[in-house]
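Residue numbers (our numbering): 14 to 115.
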């Protein structure tokens, strides 16, 4: 999984300011992709190990990680889990639209 995340990170640097383990809301978001271009969505990525992808999405919401991108209208919440026993990944992506006050 780390190789895939690294490749995404390297590609995203052109269009996003990417931070890792950034303090946000009530915790630390695993990866935060802030768009450099107006109109592009922000991406909040939370990783889990031997849990489930929905738990990652719930953590993003419960710990208010979206606080770091409150000036971005569209945000993609991405939860990824790696199940060691079954050696498989699951992923959930939710689109969130928020009001932005300029």
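Virtual Cβ for every residue (Gly too), placed ideally from N, Cα, C.
This one's a predicted model, so the numbers in the text were calculated from it and none came from an experiment.
Identified DSSP bridge partners for residue i
i, result
"residue 55", "88"
"residue 78", "Per DSSP, none; premise fails for residue 78."
"residue 108", "89"
"residue 30", "47"
"residue 101", "96"
C-alpha gap between residue i and residue j, whole angstroms
i, j, result
"residue 108", "residue 55", "10 Å"
"residue 88", "residue 104", "16 Å"
"residue 39", "residue 74", "10 Å"
"residue 84", "residue 42", "17 Å"
"residue 47", "residue 82", "7 Å"
"residue 26", "residue 92", "20 Å"
"residue 62", "residue 101", "11 Å"
"residue 86", "residue 65", "27 Å"
"residue 21", "residue 60", "14 Å"
"residue 113", "residue 34", "25 Å"
"residue 97", "residue 49", "35 Å"
"residue 28", "residue 19", "15 Å"
Given residue i as reference, the closest of the options once Cα atoms are compared
i, options, result
"residue 58", "100, 113, 97, 68", "68"
"residue 44", "32, 52, 94, 64", "32"
"residue 94", "71, 52, 30, 50", "71"
Counted within 10 angstroms of its Cβ, other Cβ atoms place residue i as buried (16 or more) or exposed
i, result
"residue 111", "exposed"
"residue 106", "exposed"
"residue 23", "exposed"
Residue i Cβ short of 7 Å to the ligand MG heavy atom set
i, result
"residue 45", "The ligand MG is not part of this structure, which contains no ligands at all."
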